[in-house]
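Residue numbers (the working numbering): 611 to 946.
Where a beta carbon is used, it is the ideal one built from N, C-alpha and C, also for glycine.
Heads up, the thing below is written out as structure tokens.
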Ligand code: AHG
Ligand code: MN
Ligand code: MN
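Okay, here's the thing in structure tokens:
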């Protein structure tokens with residue numbers, strides 16, 4: 611049987627599900643950029659790409675060289691094709707304007723160019739997360755600058771989302787709103803090849819992921835839930851749970867997509883003004899879209915993540931996502 615590459619999958623989607631040709635092109639370009647990032651990541655010290663860039667992003671985080679490089683790769687790959695009205699990223703304060711010499715298109719691309727920065731220098735999996743929205747008609751102009759408000763759409767409006775994971779294998783996980791497909795990079799072919807169709811997150815699980823070092827800062831419902839997980843067979847949940855925390859959201863979510871699990875980054879009292887650590891537009895929304903499309907669930911503890919109306923580009927949200935049973939349990943505890 612001939613292998614289904616990402617290009618072929620996208621062309622078939624164009625035919626059978628009316629995926630517009632410019633969306634197909636957009637995904638192809640993002641995938642190409644991810645290949646380039648994968649290449650840079652895999653060179654590591656040989657490519658001189660490890661370490662910090664001596665700059666900070668808008669969230670006050672020190673940027674790694676690879677954060678900056680990955681951001682540039684995605685911008686350069688996507689700015690000229692005529693498929694985008696604008697871009698936004700973790701690494702840029704404001705919306706990125708398509709240079710005037712290039713045509714503009716119907717979509718908005720939002721991304722976390724390199725997720726899991728703290729893992730780069732220690733040779734642990736990192737990734738790229740992206741979300742695609744339509745540019746609202748009233749915001750679109752071939753001539754005028756694009757404002758932040760064009761991007762402030764709830765996650766339900768995403769037309770596509772995905773992530774690339776740069777691990778032992780480089781993979782691209784994609785949803786166009788009709789299931790989740792996983793492609794593995796064949797380095798000899800230079801193509802992403804469809805290796806996992808219609809990924810499903812098992813409804814129940816006995817594995818959870820949370821940064822336990824923040825325990826003393828959590829709110830009561832999370833304290834209760836995690837103490838029950840830790841109580842195992844002797845506790846109210848009457849089963850033993852295992853724990854994993856990679857500290858790269860892509861890697862933790864990828865494990866959950868593969869074998870189930872529960873991922874949490876709750877709000878905590880370290881910085882009371884901030885609603886957790888993860889960002890809504892380019893971390894929580896695309897991952898929640900993927901998880902829901904795979905039969906899992908994603909909430910802030912009190913609300914479905916995809917329903918959150920964003921108020922700013924770099925807004926943060928508490929995140930509980932993964933196997934439905936556990937997400938529903940902890941969400942229930944927030945209501946109790
Ligand atoms: P980024 O590297 O894009 O800033 O994201 C890191 C995020 C996410 O990938 C991960 O789940 C989380 O931060 C890890 O947080 P801790 O450092 O608290 O473990
Ligand atoms: Mn991230
Ligand atoms: Mn990042």
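Asked                                                                                                                        : Found
Other residues of its chain near residue 879: CB distance less than 6 Å, five sequence neighbours each side excluded         : 827
Boundaries (first-last residue) of the beta strand (DSSP E) holding residue 674                                              : 672-674
Contact under 7 Å by Cβ, residue 892 with residue 708                                                                        : no
Nearest-angstrom Cβ-Cβ length linking residue 581 and residue 735, presumed shorter than 8 Å                                 : With the chain covering only 611 through 946, there is no way to say anything about residue 581.
Option in 759, 835 and 887 with minimal Cα separation from residue 935                                                       : 835
Any heavy atom of ligand 2 nearer than 6 Å to the CB - residues listed                                                       : 722, 725, 859 and 893
Where residue 801 sits in the DSSP three-state scheme                                                                        : strand
Neighbourhood of residue 685 by C-beta distance below 7 Å, restricted to the same chain and skipping five residues each side : 697 and 706
Residue 817 Cβ short of 6 Å to ligand 3 heavy atom set                                                                       : no
Beta bridge counterpart(s) of residue 909 as assigned by DSSP                                                                : 914 and 930
C-beta neighbour in chain D for residue 913, strict 7 Å                                                                      : Protein chains in the displayed structure number just one, and chain D is not present.
Residue 758 vs residue 923 beta-carbon contact at 7 Å                                                                        : yes
Residue 857: CB within 6 Å of a non-hydrogen atom of ligand 1                                                                : yes
Own chain residues within Cβ distance below 7 Å of residue 792, not counting five before or after                            : 781, 783, 805, 806 and 809
C-alpha distance - residue 956 paired with residue 832, whole-angstrom precision                                             : Residue 956 lies beyond the stretch modelled for the chain, which goes from 611 to 946, so this question has no answer here.
Cβ contact (3+ pairs, closer than 8 Å) linking the stretch 670-677 and the stretch 685-694                                   : no
Range of the contiguous beta strand (DSSP E) that encloses residue 829                                                       : Residue 829 -> no beta strand (DSSP E), and no H or E assigned at all.
Proximity test, residue 700 beta-carbon vs ligand 3 heavy atom, cut-off 6 Å                                                  : yes
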